[in-house]
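Novice:
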Amino acid sequence: MTPATLRNELERVLESSVRSIWGEIIPDDFRAVVSGSNNLEFGDLSCQAAMRLAAIVKDNPRSVAGMITETLPESIEGIAVVSIDGPGFINFTFSDDYLAFTAFNLASSGLKPFIPDSGTGREALVEFVSSNPTGPLTVGHCRQAVLGETISILLVASGWNVSREYYFNDAGRQMTLLGESLAARYLSAESGEAAIPEGGYHGDYIIEWASDLKAFHGTGLKWETDRDTFIRFAEEKAMEMIRSDLSLLGIEFDRYFAESELIPEAVTDTIERLSGITVDGKSLVYQGDSGKLWLRFTALGRPNDRVMMRDDGTYTYRMPDIAYHLDKFSRNYDLIVDIFGADHLDTSRDVTAALECLLGRENVSEKLRIIIHQFVSLVKDGRKTKMSTRSGDFVTLRELINDVGSSDVTKYLFLTRRAEAQMDFDLDLARKQSSENPVYYVQYAHARIAGLLRTAGEAGVSSPQEFSSGLYELLEGEYERELMRLLESVPVNVAAASDEMEPHRLTEMLADLATGFHRFYQHVRVIDTESMEISAARLMLCEACRRCVSDLLGILGVDAPDRM
RNA sequence: GCCCCCGUAGCUCAGCUGGAUAGAGCGUCGGCCUCCGGAGCCGGAAGCAUGGGUUCGAAUCCCGUCGGGGGUACCA
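So, in structure tokens, the structure goes:
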């Protein structure tokens, strides 16, 4: 019996009880959802089905709840008490035995075996960062990188086979501008002013590239004749930079997908497919003035039609992006996750509309999951600093991590907020190595337990190696129970965070676990020389807690120190 | 103009597929080891922007208002 199977079993017996009483009046999609109670006096798990059913079966909720509980099996494994409280909640209290057993399992096997593996045998593709190779990654990319990586690891934790993919544009106008900016730096004498083109890139990193280029190819290159050399060199340097930035966060992609891989075949094929579709008697693709190709997005419920191909035959952003998504769909993933910044909202809606039209609405909504995160502003010395991209005065990912002094703290803090919430990243707080900093609070709890285990080892006390049914009798105190109850909830909460792709829930859980442990520790003497048995049992709880903390931090890619 | 996100404690934020007394960190006020790590614990003060609606029940869903942020390219 694991936390997940216990909940499933409860829902199953509740549903079968409901159906056996009321039969056909119960809708087919009726589910008796069981969730954690937020108040100890109402048991550990709670079901509110009776209140929902009251209207359907035309009876008052308490009486409905009474009828349901009457029909439940005599005893349910893991449950000690079933009660009806308040307006009609059916509440369940765990048996002490079950709680002790669960804690023992967590202590001996860790968290992983108990996370429901809903993704087993299925393939997921997560696309994130996907910043074009024109310069270093910024603070905004950092949030996205952390989100994408953690969501990937969460999916892995629930059994998915995950591929991480980085899509980049190596064929557009921006790359030409970048090459031209490099050429300008390259051609300007050491002291002279570089003629950076209109809209070009001013970052200092290009000056370094220029000297690398000279070392490599000599000084004889000219923009007019060697465009390609400049552009390719700049692209290579930029990708190198991005990879090294990502490595600061421990992120590696399985594939870097270049837009040029889609041109021209995949893109022309996509245009043909779209041209073949007519809505209200009109083709989805039409010619505008001077040979431009437009896509009739308004026919798909979008606010504006958009140019797909310019008059010089090059494509705008949306076109290859649709082709890219078709490519992803053709690779037969069960789940396709896109993580974008808020600036991509409009285009991603357009792309989705086009995909739905080509592949069918259901197919797309079933598999495609787009997570749009809001932007970050940095708070430094109590003031917000404005982030401006392009012109070179942005804060880079590397600078941020250096400034904070730790990639672990940086990652963790980004994950304390939901993706959809704008966030202030407080540099002053991040730099503090004290309890004010939530990362250290959690890590301290881990180190404290590790220290306790060391002390216990010296005293000759160790966690029990095998579960015995008498173990729970040694853990009767209220603080013991509180901690066991908290531990019990962790595996299913991790699964929920994975299903919903909400990694910020992990930092919430970690804070709860840390508080839970400190509280327990403060009130209960773990190593009690009077009784080795009790000491061993309590030590088992500490070990369970330590493993949960360490496994959760592991999912976040944050270190769980034994000493600090 | 249109679109999106957000208004929850003094500050930064959880809680939102409706449920029982709304939580955390920081700050603030007051306490706590002769003993396993005080980077800790316990307690106090303090809050759902606002007006309607739906409901047995709303921080949560719907509509309006006010306020904050972002987006709205033939850049990606």
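Numbered according to our numbering, the first sequence spans residues 24 to 587.
In this text, a Cβ means the ideal position worked out from N, Cα and C, and glycines have one as well.
Please go through the same chain and pick out, in chain order, the residues whose beta-carbon is closer than 6 angstroms to the beta-carbon of residue 34, but skip the five residues on each side of it.
Specialist: So the qualifying residues of the chain are 55 and 57.
Novice: How far does the beta strand (DSSP E) with residue 455 in it extend, from its first residue to its last?
Specialist: Per DSSP, residue 455 belongs to no beta strand (DSSP E) and is neither H nor E.
Novice: Going by C-alpha to C-alpha distance, which of 253, 247 and 500 sits closest to residue 239?
Specialist: Closest option to residue 239, Cα to Cα, is 253.
Novice: When burial is assigned at 16 or more other CB atoms within 10 Å of the CB, is residue 425 buried or exposed?
Specialist: That one is exposed.
Novice: Can you tell me which of 538, 543, 524 and 514 puts its alpha carbon nearest to the alpha carbon of residue 499?
Specialist: Taking only the C-alpha atoms, the option nearest residue 499 is 543.
Novice: Taking the alpha-carbon positions, what's the residue 92 to residue 401 distance?
Specialist: The alpha-carbon atoms of residue 92 and residue 401 are separated by roughly 54 angstroms.
Novice: Below 8 angstroms between beta carbons: does that hold for residue 365 and residue 293?
Specialist: No.
Novice: Among 61, 308, 150 and 517, which one has its Cα closest to the Cα of residue 276?
Specialist: It is 150 whose Cα lies nearest to the Cα of residue 276.
Novice: Just the C-alpha distance for residue 487 and residue 103, rounded to the nearest angstrom, thanks.
Specialist: So the alpha carbons of these two residues sit roughly 24 angstroms apart.
Novice: For residue 492, I'd like the list of residues in its chain whose CB is within less than 7 angstroms of its CB, leaving aside the five on either flank, ordered along the chain.
Specialist: Excluding sequence neighbours, residue 492 sits near 120.
Novice: Out of curiosity, what's the CA-to-CA distance linking residue 527 and residue 305?
Specialist: When rounded, the distance between both Cα atoms is 46 angstroms.
Novice: Report all residues from its chain with a CB closer than 7 angstroms to the CB of residue 130; omit the five preceding and five following residues, and keep chain order.
Specialist: If we look at residue 130 and ignore the five residues flanking it on each side, its Cβ neighbours are 486, 563, 566, 567 and 570.
Novice: Ends of the beta strand (DSSP E) at residue 317?
Specialist: Its beta strand (DSSP E) spans residues 316-318.
Novice: Within 10 angstroms of its Cβ, does residue 414 collect 16 or more other Cβ (buried), or is it exposed?
Specialist: In this predicted model, residue 414 has a pLDDT of only 44, less than 50, meaning its place in the structure is not dependable; the value taken from the coordinates is given anyway. Classification for residue 414: exposed.
Novice: Report all residues from its chain with a CB closer than 6 angstroms to the CB of residue 373; omit the five preceding and five following residues, and keep chain order.
Specialist: So the qualifying residues of the chain are 320, 325 and 341.
Novice: Distance check for residue 166 and residue 651, CA to CA, integer angstroms please.
Specialist: Any question about residue 651 goes unanswered here, given that the chain covers just 24 to 587.
Novice: Among 355, 363 and 191, which has the Cα closest to the Cα of residue 280?
Specialist: Nearest C-alpha to residue 280: 191.
Novice: Within 8 angstroms, do at least three Cβ pairs link the segment 182-196 to the segment 155-172?
Specialist: The segment 155-172, when compared against the segment 182-196, does touch it at the 8 angstroms Cβ threshold.
Novice: Would the beta-carbon of residue 226 fall within 8 angstroms of that of residue 398?
Specialist: Taking 8 angstroms as the Cβ cut-off, residue 226 and residue 398 do not qualify as a contacting pair.
Novice: Run the CB neighbour count on residue 344, radius 10 Å, all protein chains shown included, and call it buried at 16 or more, exposed below.
Specialist: Answer is buried; the Cβ neighbour count reaches 16.
Novice: Express the C-alpha separation of residue 441 and residue 88 in angstroms, rounding to a whole number.
Specialist: Their backbone Cα atoms lie some 36 angstroms apart in a straight line.
Novice: If we call anything under 8 angstroms between Cβ atoms a contact, is residue 70 one with residue 95?
Specialist: Against a cut-off of 8 angstroms, the Cβ pair of residue 95 and residue 70 comes out as no contact.
Novice: Near residue 90, what residues of its chain come up, given a Cβ to Cβ distance below 6 angstroms and the 5 sequence neighbours on each side ignored?
Specialist: Hits under 6 angstroms: 44.
Novice: Per DSSP, residue 446 is paired with what?
Specialist: Looking at the DSSP assignment, residue 446 forms a beta bridge with 399.
Novice: Let me know if residue 67 comes out buried or exposed under the rule of 16 or more other beta-carbons within 10 Å of its beta-carbon.
Specialist: Under this definition residue 67 is a buried residue.
Novice: Measuring alpha carbon to alpha carbon, tell me which of 443, 484 and 290 ends up nearest residue 559.
Specialist: Considering only alpha carbons, the answer is 484.
Novice: Using a Cβ-Cβ cutoff of less than 7 angstroms, which residues in the same chain neighbour residue 550 once the five nearest sequence positions on both sides are dropped?
Specialist: For residue 550, where only same-chain residues beyond five positions count, the Cβ hits under 7 angstroms are 478, 479, 482, 484 and 558.
Novice: Within this structure, are the beta carbons of residue 148 and residue 186 separated by less than 8 angstroms?
Specialist: Yes. Within cutoff.
Novice: What number of angstroms, rounded off, separates the C-alpha of residue 352 from the C-alpha of residue 315?
Specialist: About 27 angstroms.
Novice: Would you call the segment 437-452 and the segment 513-529 touching, i.e. three or more CB-CB distances under 8 angstroms?
Specialist: Output reads yes: the segment 513-529 touches the segment 437-452.
Novice: Hey, out of 124, 98, 84 and 101, whose CA is closest to residue 107's CA?
Specialist: Ranking the options by Cα distance to residue 107, first place goes to 84.
Novice: Taking DSSP's pairing of strands, which residues face residue 310 in a bridge?
Specialist: Note: residue 310 sits in a beta bridge opposite 316.
Novice: Helix, strand or coil for residue 115? Go by DSSP, reduced to three states.
Specialist: Reduced to three states, the DSSP call for residue 115 is strand.
Novice: In the DSSP assignment, find the beta strand (DSSP E) that holds residue 304 and state where it starts and stops.
Specialist: Here residue 304 belongs to no beta strand (DSSP E), and DSSP marks it neither H nor E.
Novice: To the nearest angstrom, how far is the alpha carbon of residue 168 from that of residue 581?
Specialist: Residue 168 and residue 581: Cα-Cα distance of roughly 14 angstroms.
Novice: With a cut-off of 8 angstroms on the beta carbons, I'd call residue 393 and residue 350 a contact; round off their distance for me.
Specialist: With a Cβ gap of about 17 angstroms, residue 393 and residue 350 do not count as contacting.
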